[in-house]
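For reference, the structure discussed in these notes is given below.
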Amino acid sequence: MLEDLVMAATNDALKKAKEATAYEFQSASGGLDFSEISKMFGGKFG
-4 MLEDLVMAAT NDALKKAKEA TAYEFQSASG GLDFSEISKM FGGKFG
């Protein structure tokens, strides 16, 4: 049970970090859509 809670908290934290990174990246890029470029890098940038 504790393992499940730790896993859920970790997954939630990763999701929030990815969302924050995507938001900051989009803000810094002036709202340009880099989704195609992101796919070249395995989707690691939002």
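When the sequence shown is numbered by this note's numbering, its final residue is 41 and no position is left out of the sequence of numbers.
Note that CB positions come from ideal geometry on N, CA and C, so glycine has one too.
Inset, instruction - Please list, in chain order, all residues of the same chain as Glu(-2) whose beta carbon is under 6 Å from its beta carbon, the five residues on each side excluded. - result: Here residue -2 refers to the residue found at position 3 when the sequence shown is read from its first residue. Residues of the same chain with their beta carbon placed closer than 6 Å to that of Glu(-2) are lacking, with the five preceding and five following residues left out of the count.
Legend entry - Alpha carbon of Tyr18 to alpha carbon of Gly25, nearest angstrom: For the purposes of this step, residue 18 is taken as residue 23 along the sequence shown, with counting starting at 1. For the purposes of this step, residue 25 is taken as residue 30 along the sequence shown, with counting starting at 1. Distance between the alpha carbons of Tyr18 and Gly25 is about 11 Å.
Inset, instruction - Using the Cα positions of Ala15 and Leu0, report the straight-line distance between them to the nearest angstrom. - result: For the purposes of this step, residue 15 is taken as residue 20 along the sequence shown, with counting starting at 1. For the purposes of this step, residue 0 is taken as residue 5 along the sequence shown, with counting starting at 1. Spanning the two alpha carbons is a distance of roughly 22 Å.
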